[in-house]
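Notes to accompany the following structure.
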Amino acid sequence: MLFRHSFRRHRDGLRRCPACTSRLVCPTEWEPEGDEHWSIDLRCGDCAHSWNRVISDSRAARFDLELDCDVDVLQRSLRRFERERMAADVETFVAALARDLVEPADFAL
Ligand SMILES: [Zn+2]
């Protein structure tokens with residue numbers, strides 16, 4: 042949550058799908074549009090709608106930081122899921138050991 046709470050929510054609709062109002066919007070292409078704007082192709086992760094927006098340099102910079110925060114949230118969730126899966130694997134292995142279901146031959150190459 043490094044930046045999560047430092048962002049004021051933008052009401053400009055950049056992060057909301059115009060077709061289904063989902064907030065699962067991702068940029069697919071960015072390119073400069075003149076000296077002070079960016080043309081961004083966006084895609085909705087829910088309905089696959091694609092569209093283009095032209096935004097200012099300052100909004101693009103803020104959007105980039107918002108996306109970095111989204112990546113951070115996803116990475117933390119992934120690490121938590123990995124820890125939970127590993128804990129479940131350990132519990133299963135311990136239960137198998139307790140029931141003598143694991144033998145040295147199970148580890149033979
Ligand atoms: Zn959508």
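For the sequence shown, my numbering assigns the number 42 to the initial residue and increments by one for each residue that follows.
Cβ coordinates follow ideal geometry from the N, Cα and C atoms, glycine included.
Taking all protein chains shown into account, Val-66 has 16 or more neighbouring C-beta atoms within 10 Å of its C-beta and is therefore buried.
Exclusion of the five residues before and after Ser-97 leaves Glu-77, His-78 as the residues of its chain whose Cβ lies within less than 7 Å of its Cβ.
Asp-82 has Glu-70, Asn-93 as its beta-bridge partners, per DSSP. By the neighbour-count criterion, in which 16 or more other beta carbons inside 10 Å mark a residue as buried, Leu-142 falls on the exposed side.
In this structure, the C-beta of Ala-60 approaches ligand 1 to less than 6 Å from one of its heavy atoms.
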